[in-house]
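Reading through the structure tokens given below for one structure.
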Amino acid sequence: MKKILKTAVLALLIIGCKEAKKENTPAVEEMDETAEMASDNEWTSLFDGESFSGWHEYLKDNVTDNWKIEDGATVLYPPENHENGEQSNLVSDNTYTDFVLSMDWKISEGGNSGVMWGVKEIDSLGQPYLTGPEVQVLDNEGHPDGKNGTSHQSGALYDMVSPTEDVTKPVGEWNTMVITVNHKTNEGNVVLNGVKVVDFPVNDPEWGEMVSKSKFANWEQFGKYPTGKIALQDHGNGVAFKNIKIKEL
297 MKKILKTAVL
307 ALLIIGCKEA
317 KKENTPAVEE
327 MDETAEMASD
337 NEWTSLFDGE
347 SFSGWHEYLK
357 DNVTDNWKIE
367 DGATVLYPPE
377 NHENGEQSNL
387 VSDNTYTDFV
397 LSMDWKISEG
407 GNSGVMWGVK
417 EIDSLGQPYL
427 TGPEVQVLDN
437 EGHPDGKNGT
447 SHQSGALYDM
457 VSPTEDVTKP
467 VGEWNTMVIT
477 VNHKTNEGNV
487 VLNGVKVVDF
497 PVNDPEWGEM
507 VSKSKFANWE
517 QFGKYPTGKI
527 ALQDHGNGVA
537 FKNIKIKEL
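Numbering (the working numbering), first residue to last: 297 to 545.
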């Protein structure tokens with residue numbers, strides 16, 4: 297009889313442990329979700345999808361009507377009489393040095409744009425690309441620049457480092473791009489749609505040597521500012537950006 301009682305008690309204990317384990321599962325999942333949220337909190341949103349807070353146009357105090365907010369994205373509608381194609385470049389109010397910058401972009405058919413960092417607003421320099429290095433945003437097939445070598449195609453460190461492969465989505469679809477710039481470790485890279493397509497140094501002498509072999513070789517202030525602003529380029533074609541966030545390193 298004692299054996300039967302002991303067996304019964306043991307069985308109840310085992311069942312109880314199993315039930316407790318089941319009851320604890322949601323709590324464990326909740327802890328995992330909390331950990332992920334804590335990790336996400338390291339990111340700072342640069343665009344809230346509702347306003348242009350934190351942004352202005354290059355060498356201006358405001359954002360013109362050329363940029364619209366639609367479905368949580370900032371969308372460029374360049375006017376037909378766009379002089380030289382680059383008059384409404386968006387620039388962040390804040391400056392950054394070492395960071396991971398993430399965003400989604402969508403280019404128009406035959407479109408051209410780009411994302412820059414290290415931008416310095418100088419009255420005598422009319423465009424952000426005169427100081428800021430650019431990661432290309434392009435319709436590789438439909439824009440002429442796509443035929444000017446792979447260092448001019450989407451994901452490239454423009455005119456300096458070509459992407460290892462073309463992983464862009466078809467025109468009209470969203471692409472996810474992550475740019476890392478870290479002067480502490482002398483590392484820069486571009487990840488496009490989950491694939492690392494570009495690696496590059498960010499410090500001299502390697503940076504200076506790379507620039508010397510590009511079209512920017514004689515541009516006195518190009519790539520000279522480790523700390524600078526982020527810019528979204530107006531190249532005279534429709535482009536959209538959303539989910540823009542940054543993690544400082």
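Virtual Cβ for every residue (Gly too), placed ideally from N, Cα, C.
As the structure is a prediction and not an experimental result, all values here were calculated from the model.
Residue i, DSSP secondary structure in three states
i, result
"Asn533", "coil"
"Met506", "helix"
"Thr393", "coil"
"His352", "strand"
"Leu426", "helix"
"Ser384", "coil"
"Asp400", "strand"
"Thr460", "coil"
"Asp455", "coil"
"Asp441", "helix"
"Thr446", "helix"
"Ala527", "strand"
"Val359", "coil"
"Ala369", "strand"
"Asn539", "strand"
"Asn499", "coil"
"Val487", "strand"
"Ser409", "strand"
"Glu516", "coil"
"Leu545", "coil"
"Val418", "Looking at the sequence itself, residue 418 is Ile, so the reference to Val does not match. Note: Ile418 maps to coil in three-state DSSP."
"Lys511", "coil"
Residue i burial status per 10 Å Cβ neighbour count (16 or more: buried)
i, result
"Ala513", "exposed"
"Thr370", "buried"
"Pro459", "buried"
"Val491", "exposed"
"Val324", "Since pLDDT at Val324 reaches only 39, below the 50 mark, its modelled position is unreliable, and no value is offered."
"Pro429", "buried"
"Ser409", "buried"
"Pro424", "buried"
"Ser341", "exposed"
"Lys511", "exposed"
"Lys525", "buried"
"Ser347", "exposed"
"Gly451", "buried"
"Asn482", "exposed"
"Thr476", "buried"
"Ser404", "buried"
"Thr360", "exposed"
"Gly368", "exposed"
"Thr523", "exposed"
Integer Cβ distance of residue i from residue j, believed to fall under 8 Å
i, j, result
"Asp389", "His352", "6 Å"
"Asn485", "Asn471", "16 Å between Cβ atoms; not a contact."
"Glu338", "Lys465", "The Cβ separation is near 27 Å, so there is no contact."
"Val498", "His479", "6 Å"
"Gly414", "Tyr521", "5 Å"
"Val463", "Val396", "With 8 Å as the limit, Val463 and Val396 do not qualify as a contact, their Cβ atoms being about 19 Å apart."
"Leu528", "Val411", "6 Å"
Exercise. Quick check: the region 435–442 against the region 393–400, are there 3 or more CB pairs under 8 Å?
Worked result: Taking 8 Å as the limit for Cβ pairs, the verdict is that the region 393–400 does not touch the region 435–442.
Exercise. At a cut of 8 Å, does the region 500–515 reach the region 414–421 through at least three beta carbon pairs?
Worked result: They do not touch, by the three-pair rule.
For this session: Taking 8 Å as the threshold, find out whether the region 359–375 comes into contact with the region 515–527 through three or more Cβ pairs.
Result: Because the criterion of three Cβ pairs below 8 Å is not met, the region 359–375 and the region 515–527 do not touch.
Exercise. Within the chosen definition, does the region 342–356 reach the region 382–396 through at least 3 CB pairs nearer than 8 Å?
Worked result: Taking 8 Å as the limit for Cβ pairs, the verdict is that the region 382–396 does touch the region 342–356.
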